[in-house]
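A.B. asks: Every position in the sequence shown, counted from 1, becomes a number in the working numbering once 91 is added.
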Amino acid sequence: MKDASTFERLFVGAGEAAGPGDGAEPPVVTRGLAQRAGSGLMDAVLGVAVRFVLIVQVWSWSRANAAAVEDPLSWRSWVTPTDGLENAARLWTMGQVDAGLAAVLLLAVASLVSLSLAVGFLTRLTGLAVILGAGWHMMFILPEAFTSTVAYLALGLYLTARGAGPLSLDWALARLARLA
C-alpha cells in the first residue's frame with residue numbers, strides 16, 4: 092500500500108506517532124519570550140519620528156493660518172481663521188460650501204490631528220485624515236506640488252497601516268485591553 096509507506100516514512104520514530112510502546116519521549120514544546128510584532132525599538136523610533144514630522148508640519152500650518160489666540164481657554168480663539176485662509180477655502184471648495192465654515196473645520200481638524208499625534212491617540216484615524224487631506228491637496232489645491240504631497244501620503248499610509256508604535260497611548264490601551 093503506497094499510502095501506508097508514505098505515512099511510515101514521514102512519522103515512524105516521531106514520538107507518539109510511532110505507536111505505543113516505542114519508548115520515545117514526546118516532543119517538549121517550549122515557548123520563548125517572543126517579541127510581539129511592532130513592539131521593537133525600530134517600531135518605537137519610526138512611530139515617534141513619523142508622528143513628530145506630522146506634528147511639526149500640521150501644527151505650524153494651523154497656527155500660521157489662524158488668527159492670534161487672545162484667550163487660550165476658549166476653543167473658538169484656536170480655530171478662528173485668517174482672511175487669507177477663508178479666501179483660500181472659498182477657492183478650494185469652489186463656492187459649494189460656506190468658506191468660513193470650511194476654514195474653521197480645517198483649523199479644527201489640523202489642531203486635533205496635531206494633538207492626537209502628540210499623545211498617540213487614534214493614530215490610525217489620524218493617518219486616514221492625513222491621507223484624505225494630502226489627496227485633496229494633490230487633486231484640487233496644488234496639483235503641481237504632487238511630489239511633496241506624496242511624502243504626506245506615505246506618512247499617512249504608515250500611520251494607518253502600522254499605528255503609532257509602542258510609545259503611544261493607543262499601544263498602552265491595546266495592551267490593557269488584552270489583559271482584561
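All C-beta atoms, glycine included, are put in the ideal place defined by N, C-alpha and C.
Exposed or buried, which one is Gly131 when buried takes at least 16 other CB atoms within 10 Å?
C.D. replies: exposed
A.B. asks: What is the rounded straight-line gap between the Cα of Val204 and the Cα of Gly256?
C.D. replies: 16 Å
A.B. asks: Going along the chain, which residues of its own chain have a beta-carbon closer than 7 Å to the beta-carbon of Ala140, five neighbours each way excluded?
C.D. replies: none
A.B. asks: Identify every residue that forms a DSSP beta bridge with Ala179.
C.D. replies: DSSP lists no partner for Ala179.
A.B. asks: For the alpha helix (DSSP H) holding Thr251, just list the boundary residues, first then last.
C.D. replies: 237-253
A.B. asks: According to DSSP, Pro172 sits in a beta bridge with which residue or residues?
C.D. replies: Ala157
A.B. asks: With DSSP as the reference, label Met230 as helix, strand or coil.
C.D. replies: helix
A.B. asks: Between the alpha carbons of Glu161 and Glu177, how many angstroms are there, rounded?
C.D. replies: 19 Å
A.B. asks: Go ahead and label Thr238 buried or exposed: buried means 16 or more other beta carbons lie within 10 angstroms of its beta carbon, across all protein chains shown.
C.D. replies: exposed
A.B. asks: Report yes or no: do three or more beta-carbon pairs, one from the segment 203-221 and one from the segment 244-253, lie closer than 8 Å?
C.D. replies: Verdict: yes, contact present.
A.B. asks: Could you check whether the segment 222-237 touches the segment 166-176, counting it as contact only if at least three pairs of C-beta atoms, one from each stretch, sit closer than 8 Å?
C.D. replies: Short answer: they don't touch.
A.B. asks: For Pro190 versus Ser153, is the C-beta spacing smaller than 8 Å?
C.D. replies: According to the sequence provided, residue 190 is Ala. The question's Pro does not apply to it. Cβ distance not < 8 Å, so Ala190 and Ser153 don't count as in contact.
A.B. asks: Can you name, in chain order, every residue of its own chain whose Cβ lies under 6 Å from the Cβ of Thr214, other than the five neighbours on each side?
C.D. replies: Closer than 6 Å at Cβ, skipping near neighbours: Leu250, Gly254, Ala255, Asp261.
A.B. asks: Which residues bound the alpha helix (DSSP H) around Val195?
C.D. replies: Note, Val195: alpha helix (DSSP H), 190-210.
A.B. asks: On the criterion of 16 or more Cβ atoms from any shown chain inside 10 Å, does Ser83 qualify as buried, or is it exposed?
C.D. replies: Not covered by the structure: residue 83. The range shown for the chain is 92 to 271.
A.B. asks: Can you tell me the Cα-Cα spacing of Val210 and Ala268, whole angstroms?
C.D. replies: Their Cα atoms are separated by approximately 18 Å.
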